[in-house]
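Asker: Take this structure, written in structure tokens, and hold onto it; I'll ask about it next.
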Ligand SMILES: Nc1ncnc2c1ncn2[C@@H]1O[C@H](COP(=O)(O)OP(=O)(O)O)[C@@H](O)[C@H]1O
Ligand SMILES: Nc1ncnc2c1ncn2[C@@H]1O[C@H](COP(=O)(O)OP(=O)(O)O)[C@@H](O)[C@H]1O
Ligand SMILES: [Mg+2]
Ligand SMILES: [Mg+2]
Ligand SMILES: [Mg+2]
Ligand SMILES: [Mg+2]
């Protein structure tokens with residue numbers, strides 16, 4: 043499906059859509075973090091994604107690898123905390139996986155995302171079920187791979203990924219955190235939704251809505 | 043009127059009655075002080091009068107002069123703040139004015155009280171209308187002197203004094219404080235009743251109810 | 230009320246036990262509630278005594294030590310100590326050169342220190358002089374009132390006179406010096422919240438969420454006026470302009486800028502306030518040469534701050550910089 | 230929210246302007262939010278770098294100076310600084326003997342410092358080692374979790390390693406020393422109230438008037454459990470017993486007893502707590518040899534306290550007593 047090719051413009055739309063939903067959900071993310079963390083996840087992600095959008099506005103990268111690197115470096119430089127290195131690493135690790143192509147086919151995009159997830163795990167040492175962003179990202183990528191393998195168009199595959207991310211996010215609620223700040227609460231962390239898994243679900247949703255040009259045929 | 047003689051036992055009753063009403067009005071005195079001062083007048087007077095009662099219980103003085111001295115010293119030693127030196131001086135100055143008598147006639151008692159007032163004024167430099175305890179004490183003593191001069195029995199004279207003290211206390215409400223902590227508030231001190239005038243009104247009321255043995259003939 | 234204590238009535242006594250345990254460089258007389266420099270009296274040196282109500286920590290005990298005070302009398306929370314305490318302390322810090330009482334100007338403190346001086350004069354031949362500290366421009370200075378409160382000025386007064394006392398200067402010279410520092414110092418404070426006096430258990434005054442008090446004292450006394458909450462850049466002039474209007478701070482060699490936390494206001498905000506204040510001073514041509522930023526003269530758990538400016542000359546600056554070793558101020562030793 | 234600031238987004242930047250104005254002994258790189266000892270790099274000395282989120286003042290910048298840290302990176306409120314800050318600071322404090330990162334154990338701080346070390350390794354030939362500080366016994370220590378938080382231990386670690394660095398000791402020796410101090414230190418904290426993060430504007434957690442949190446962190450993280458408000462004499466054991474259960478503090482030459490205010494709790498209460506804590510240590514046969522009482526590692530305007538014990542040996546005690554000149558700790562110079 044050649045219409046499924048992911049070019050720099052599509053990736054920019056993805057990032058801008060994510061930035062917009064982070065801005066919109068900022069207080070919600072912070073409220074989730076207040077319950078089991080330190081009440082800054084919304085501010086952190088908003089600061090970072092505003093910087094990413096500002097970079098896109100002033101010096102837009104011209105190929106996917108450069109774009110991922112720009113986004114990753116911007117996040118690492120501007121966010122701090124746990125989410126800065128983690129989201130930063132996610133994008134930084136996507137860059138080399140593009141092989142320098144100007145436009146990515148769905149499989150390459152999915153491969154790049156998986157490289158990003160591996161970067162997050164290498165950096166943060168979280169496993170599935172530790173009540174972190176990994177709990178949203180990993181199932182999303184599994185769903186994406188499965189859908190693409192089943193021959194679904196990218197738009198449908200991303201919608202499946204987004205649904206899986208949402209499910210993964212919701213599944214963090216009963217978990218006892220083992221990584222990140224929420225782990226300090228021990229049993230008291232159960233019953234609360236993980237803020238990082240929540241922002242990650244927004245990232246995947248932004249791919250489903252922003253990455254693929256929405257038109258009637260999709 | 044020989045029944046009007048004020049002996050050591052009567053003076054002790056006065057002090058105990060005053061201590062009891064301070065204990066009862068403690069929170070009220072502190073609330074008044076919170077509005078225009080530092081929220082401790084009730085605690086201060088209660089600490090002081092509890093110490094006076096404790097001294098009466100353990101080593102009761104045997105003549106009026108010794109009793110006044112004991113009460114005054116105890117207040118100076120235990121209260122601190124503005125009210126400690128002021129109430130302490132009041133009683134300390136009453137002692138010499140008794141001339142060492144074992145029992146005071148009403149005029150001598152009134153003279154001693156006036157010496158106390160003069161001590162308060164010398165110590166605190168407050169004039170009538172400065173919104174202090176002087177505003178309750180001075181009119182009370184004027185009323186006491188006038189009633190005794192008119193030949194009224196001590197019990198009646200003290201009731202007149204108590205009424206005058208209450209009036210003086212109430213008259214502090216509209217005043218702008220010029221002395222003590224309330225003076226820091228400037229115009230904002232108007233509209234509040236002075237805590238020290240309030241405790242002084244209790245002192246005079248205690249004389250009216252505690253000093254003279256209440257019996258049907260009085 | 231949520232506080233770390235047992236019975237409010239025992240707070241001061243129990244806290245002094247902790248001071249004694251934690252700080253062997255202080256000697257504590259629990260019966261009289263006097264804190265001494267461990268090596269008091271210092272022979273040949275004028276003894277410096279201050280004190281006041283508790284609840285202003287690190288003032289007053291945090292300023293005992295070489296280069297500053299010799300002893301401090303601790304009163305109940307926000308209540309002046311009593312004359313017996315001061316006369317006892319006076320006796321014990323007299324190294325033969327007399328004792329200077331540094332009295333914060335509050336009716337209670339002044340009267341109790343007066344009575345203590347009378348007692349000391351009657352009982353000993355220790356020469357005693359007293360200097361009253363009164364720097365708070367929020368209060369009108371008038372012969373007919375209690376006058377200005379003593380607040381932040383106590384720190385430069387006690388520090389500078391303490392340094393001069395270590396040099397062996399005489400009682401009268403030190404009293405003059407104390408008055409000189411006081412005369413060159415002005416302060417003004419504000420509150421974001423009231424404090425809660427433990428014995429009362431509720432806030433001394435109610436302050437709505439959108440209002441602040443300007444011109445407050447350090448005992449939970451409400452201020453001169455209540456204004457809507459405003460950004461720091463609008464609050465700073467409300468504190469600094471009255472200081473500049475009251476004394477010409479451009480005429481010295483520079484000023485000490487002292488930004489004090491009332492208790493609950495954190496350093497992050499104090500430093501931001503410092504930047505706002507420094508900008509105002511720049512515009513006014515006032516030159517900050519030394520700074521002090523932190524909780525030094527507090528009012529229990531009150532949130533807010535005060536600003537104190539001291540006009541330095543060469544000598545005051547030198548004495549400010551001289552070594553001092555107390556819990557609250559320490560440098561050079 | 231009532232705070233002395235302008236826009237919450239500018240709080241840290243504006244506060245650093247005030248730090249720079251007030252404290253010429255610090256050099257401030259505003260662009261990178263790095264605070265340096267004015268004379269950094271010190272030739273031949275191992276550079277000591279720490280840092281973390283803002284809101285813990287005087288930590289971290291209050292511990293820069295001779296005998297302690299060379300630089301500190303300031304993050305947003307409660308948010309770890311970013312790798313660029315740390316790698317820039319690392320370059321600028323390398324006096325030729327390498328740089329030691331003293332990292333408070335939080336996921337964000339550890340990851341950002343890791344990335345900074347990777348950056349520094351790629352860009353310079355500065356030798357970098359890192360030691361993670363993790364002393365908070367409220368958190369279970371497990372290989373499968375983020376591990377214990379770094380809290381009060383930072384003060385003795387930074388002080389003692391700072392003194393050893395001034396003696397010219399090498400990087401590896403200092404890293405070992407830092408681990409030794411950390412291994413001999415345990416902390417536990419409690420909150421009477423939540424703090425309010427300026428960007429959020431409301432308290433991080435709600436705590437009823439009759440409850441307190443035990444085992445809280447320094448970022449407004451709720452504690453391990455919530456218990457009814459109790460007298461200080463019942464709260465002290467909730468903090469001290471877990472420390473004694475976790476490490477044998479009787480086996481050293483004595484301990485440093487560090488009672489820390491979370492921000493809004495005044496010294497009067499801290500000293501009362503000190504007395505309660507000292508009494509428990511007496512019964513346990515633990516000998517306090519040094520004390521530290523005050524707001525050192527705060528959590529904005531939170532009311533509450535933490536207790537940190539460090540087991541000293543002869544060498545640690547000597548290094549603790551060595552001269553230090555920072556805003557937060559100063560003695561001997
Ligand atoms: N080790 C980790 N691995 C993966 N994700 C993590 C890890 N630690 C924390 N996170 C994620 O980061 C989120 C918190 O981010 P944020 O609040 O911005 O940082 P901080 O905890 O430093 O304040 C958590 O909700 C969690 O999803
Ligand atoms: N100079 C003065 N002369 C007479 N009475 C005074 C003077 N100053 C204060 N007072 C009285 O003392 C009262 C306050 O006492 P208290 O609250 O115990 O002391 P403090 O003001 O030291 O806290 C005032 O209400 C006033 O009546
Ligand atoms: Mg967070
Ligand atoms: Mg009062
Ligand atoms: Mg008082
Ligand atoms: Mg954070």
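Chains as they are written, first to last, in our numbering: chain A, 43 to 260; chain B, 43 to 260; chain C, 230 to 562; chain D, 230 to 562. For glycine and all other residues, C-beta sits at the position ideal for the given N, C-alpha and C.
1) Please confirm whether residue 296 (chain D) and residue 395 (chain D) have their CB atoms less than 8 angstroms apart.
2) How should residue 298 (chain D) be labelled, buried or exposed, when 16 other C-beta atoms within 10 angstroms of its C-beta is the threshold for buried?
3) Since residue 564 (chain D) meets chain C, which of its residues come closer than 7 angstroms, beta carbon to beta carbon?
4) List, in order along the chain, the chain D residues whose C-beta lies closer than 9 angstroms to that of residue 72 (chain A)?
5) Measure the alpha-carbon distance for residue 497 (chain D) versus residue 243 (chain C) and round it to whole angstroms.
6) Do you know how far the Cα of residue 323 (chain C) is from the Cα of residue 309 (chain C)?
7) Taking any Cβ of chain D, which residues in the segment 512 to 527 of chain C have a Cβ under 9 angstroms from it, in chain order?
8) According to DSSP, which residues form a beta bridge with residue 492 (chain D)?
9) So residue 225 (chain A) contacts chain D; which residues on that side make the cut at Cβ distance below 7 angstroms?
10) Output needed in chain order: residues of the segment 300 to 318 of chain D with a Cβ under 8 angstroms from some Cβ in chain A.
11) Beta-carbon within less than 7 angstroms of residue 258 (chain B)'s beta-carbon, same chain only, minus the 5 sequence neighbours each way: which residues are those?
12) Short check: CB of residue 381 (chain D) to CB of residue 535 (chain D), under 8 angstroms?
13) Got a sec: is the Cβ-Cβ distance from residue 340 (chain C) to anything in chain B below 8 angstroms?
14) Who are residue 566 (chain D)'s beta bridge partners in DSSP?
15) Which word fits residue 518 (chain D), buried or exposed, when buried means at least 16 other C-beta atoms lie within 10 angstroms of its C-beta?
16) Within 8 angstroms (strictly less), CB to CB, does residue 236 (chain B) reach chain C?
17) So what does residue 486 (chain C) bridge to, in DSSP terms?
18) How big is the Cα-Cα spacing for residue 398 (chain D) and residue 280 (chain D)?
19) Taking a cut of 8 angstroms between CB atoms, which residues from the segment 263 to 297 of chain C lie near chain D?
20) With DSSP collapsed to three states, give me the class of residue 83 (chain A).
21) Is the shortest distance between the beta-carbon of residue 127 (chain A) and the beta-carbons of chain D less than 8 angstroms?
22) For residue 197 (chain B), report the span of its alpha helix (DSSP H) as first-last.
23) Less than 8 angstroms between CB atoms is the rule here; does residue 165 (chain A) satisfy it with respect to chain D?
24) Please decide whether residue 248 (chain C) counts as near chain D, where near means a Cβ-Cβ distance under 8 angstroms.
25) Do you know how far the Cα of residue 257 (chain C) is from the Cα of residue 224 (chain A)?
26) Applying a beta-carbon distance threshold of less than 7 angstroms, which residues of chain A neighbour residue 533 (chain D)?
27) Measuring alpha carbon to alpha carbon, tell me which of B:232, B:220, B:103 and B:89 ends up nearest residue 172 (chain B).
28) Which residues in the same chain have their Cβ closer than 6 angstroms to the Cβ of residue 144 (chain B), if we skip the five residues on either side of it in sequence?
29) When the Cα atoms are used, what is the spatial distance from residue 121 (chain A) to residue 336 (chain D)?
30) Using only alpha-carbon positions, find the residue among D:508, D:250 and D:355 that is nearest to residue 247 (chain C).
31) For residue 288 (chain C) versus residue 526 (chain C), is the C-beta spacing smaller than 8 angstroms?
32) Thinking C-alpha only, which one of B:160, B:59 and B:88 is nearest residue 69 (chain B)?
33) With DSSP as the reference, please indicate the residues paired to residue 441 (chain D) in a beta bridge.
34) Could you please tell me which residues of the segment 480 to 491 of chain C, in chain order, have their CB closer than 7 angstroms to any CB of chain D?
35) I want to check one thing, is the minimum distance from the CB of residue 569 (chain D) to the heavy atoms of ligand 2 below 7 angstroms?
36) Three or more C-beta pairs under 8 angstroms: does that hold for the segment 348 to 365 of chain D against the segment 252 to 272 of chain D?
Answerer: According to the structure shown:
1) A distance below 8 angstroms separates the beta carbons of residue 296 (chain D) and residue 395 (chain D).
2) Result: buried.
3) Nothing about residue 564 (chain D) can be read from this structure; chain D reaches only from 230 to 562.
4) Residues of chain D passing the Cβ test: 426, 428 and 429.
5) Answer to the nearest angstrom: the Cα atoms are 9 angstroms apart.
6) When rounded, the distance between both Cα atoms is 22 angstroms.
7) Residues 517, 520, 521, 522, 523, 524 and 527.
8) DSSP, once it has assigned bridges, lists D:531 as partnering residue 492 (chain D).
9) Neighbours of residue 225 (chain A) on chain D, chain order: 374 and 375.
10) Close to chain A, meaning a Cβ-Cβ distance shorter than 8 angstroms, are the following residues of the segment 300 to 318 of chain D: 304, 305, 306, 307, 308, 309, 310, 311, 312 and 313.
11) Model confidence at residue 258 (chain B) stands at a pLDDT of 42, short of 50, so the residue's coordinates are unreliable; what they give is reported in the following sentence. Counting only Cβ-Cβ distances below 7 angstroms, and skipping sequence neighbours, we find nothing.
12) Yes, the pair counts as a contact, with Cβ atoms nearer than the cut-off.
13) So, interface residue.
14) What is shown of chain D runs 230 to 562, which leaves residue 566 (chain D) out entirely.
15) Around the beta-carbon of residue 518 (chain D), fewer than 16 other beta-carbon atoms lie within 10 Å, marking it exposed.
16) Look at residue 236 (chain B): its C-beta is not under 8 angstroms from any C-beta on chain C.
17) Beta-bridge pairing links residue 486 (chain C) to C:520 and C:538.
18) Linking residue 398 (chain D) to residue 280 (chain D) through their CA atoms gives a straight-line distance of about 22 angstroms.
19) Within the segment 263 to 297 of chain C, the qualifying residues are 283, 284, 286, 287 and 291.
20) Correct three-state label for residue 83 (chain A): helix.
21) By this cut-off, residue 127 (chain A) is an interface position.
22) In the DSSP assignment, residue 197 (chain B) falls within the unbroken alpha helix (DSSP H) covering 196 to 213.
23) For residue 165 (chain A), the answer is yes, since a Cβ of chain D falls inside 8 angstroms of its Cβ.
24) Chain D, which has a Cβ nearer than 8 angstroms to the Cβ of residue 248 (chain C), makes this yes.
25) Those two C-alpha atoms are separated by around 45 angstroms.
26) In chain order: nothing, as chain A lies at least about 16 angstroms away.
27) Cα-wise, what sits closest to residue 172 (chain B) is B:220.
28) Cβ within range, chain order: 105.
29) Approximately 14 angstroms, taken between the alpha carbons.
30) Of the listed residues, the one whose Cα sits closest to residue 247 (chain C) is D:508.
31) Taking 8 angstroms as the Cβ cut-off, residue 288 (chain C) and residue 526 (chain C) qualify as a contacting pair.
32) For residue 69 (chain B), the nearest C-alpha among the options comes from B:88.
33) According to DSSP, which records beta bridges pairwise, residue 441 (chain D) is partnered with D:456.
34) Correct list: empty, as no residue qualifies.
35) Because chain D is modelled from 230 through 562, residue 569 (chain D) falls outside the range shown and cannot be assessed.
36) For the pair of segments examined, the segment 348 to 365 of chain D was found not to touch the segment 252 to 272 of chain D: the number of CB pairs separated by less than 8 angstroms stays below three.
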